[in-house]
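All remarks here apply to the structure that follows.
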Amino acid sequence: MILDKFEKYACITFNDRDNLVNSLYMHIRPVYYRNLFNINLTNPFLDKIKQEYHELYILVKKAISPLEKYLGTSLPEDEIGYITLHFGGYLKKRKSNIQKKTMRYHLPEWGCYIKYAKKTN
C-alpha cells in the first residue's frame with residue numbers, strides 16, 4: 430500500500446517493485462517495533478532532508494498513511510525522514526527502472542486542463 434500510494438503521488442511506476450518492497454519492509458519492520466515499544470529515534474539529518482528533499486519528504490509523508498493507520502498513530506518526523514532517505518536512495522540508484530506517468534488536472538473554474546509530468550530526478 431505504501432508503495433502504491435508513493436507511485437500515485439510521485440507519478441512514477443517502479444519496474445522492480447519486488448526489490449523495493451523487500452528493502453522497504455526491512456526498514457519499516459524496525460519502525461513498527463520502535464513505535465510498539467515507544468522508542469524514540471533522533472534523525473540528525475532531518476532538517477537537511479526536509480530542506481534539500483522537501484518534495485520527496487512530502488510525498489513520503491502522504492504515502493505512509495496506511496502504515497500510520499495500521500499503527501493507530503502518526504509517525505514522528507524523524508522516522509519519516511529516514512524513510513525519505515530510503516526512497517531517495519532507491520530512486521537515485523534505480524533511475525533507469527522507473528517509468529514516468531503523466532497526470533491531467535481539470536480546472537473547471539479556469540475552463541482548462543493541465544498536463545503535468547512529474548520528474549524523478
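Taking the working numbering, the leading residue of the sequence shown gets 430, the next gets one more, and so forth. Where a beta carbon is used, it is the ideal one built from N, C-alpha and C, also for glycine. Keep in mind the model is a prediction, meaning the values are calculated, not measured.
Exercise for the section: Could you name the residues of the same chain whose beta carbon sits closer than 8 Å to that of F474, not counting the 5 residues immediately before and after it, in chain order? Expected result: G510, L514
Handout entry: Where T554 sits in the DSSP three-state scheme
Key = The question about residue 554 has no answer, for the chain in this structure spans 430 to 550.
Practice task
Give the DSSP-derived three-state secondary structure of I468 in the structure shown.
Solution key: coil
Handout entry: Separation of S503 from G518, as counted between CA atoms
Key = When only Cα atoms are considered, G518 and S503 end up about 23 Å apart.
Exercise for the section: Give the DSSP-derived three-state secondary structure of I441 in the structure shown. Expected result: strand
Exercise for the section: Flag this pair as yes or no: are the beta carbons of A492 and I431 separated by less than 7 Å? Expected result: Between A492 and I431, the CB-CB gap stays under 7 Å.
Problem - Buried or exposed by the 16-neighbour rule on C-beta atoms within 10 Å, applied to L465 - result: Exposed, because fewer than 16 other Cβ atoms sit within 10 Å of the Cβ of L465.
Practice task
Would you kindly work out how many angstroms separate the C-alpha atoms of I457 and F443, rounded to a whole number?
Solution key: 19 Å
Exercise for the section: Locate the alpha helix (DSSP H) running through L475, then write down its first and last residues. Expected result: 475-481
Exercise for the section: Please state whether DSSP places G501 in a helix, a strand or coil. Expected result: Coil.
Practice task
Taking the CB atoms as reference points, tell me whether E508 and V460 lie closer together than 7 Å.
Solution key: yes
Exercise for the section: Keeping to the same chain, check which residues put their C-beta closer than 8 Å to that of R446; ignore five residues upstream and five downstream. Expected result: L432
Handout entry: With 16 other Cβ atoms within 10 Å as the buried cut-off, status of L470
Key = By the beta-carbon neighbour count (other beta carbons within 10 angstroms, threshold 16), L470 is exposed.
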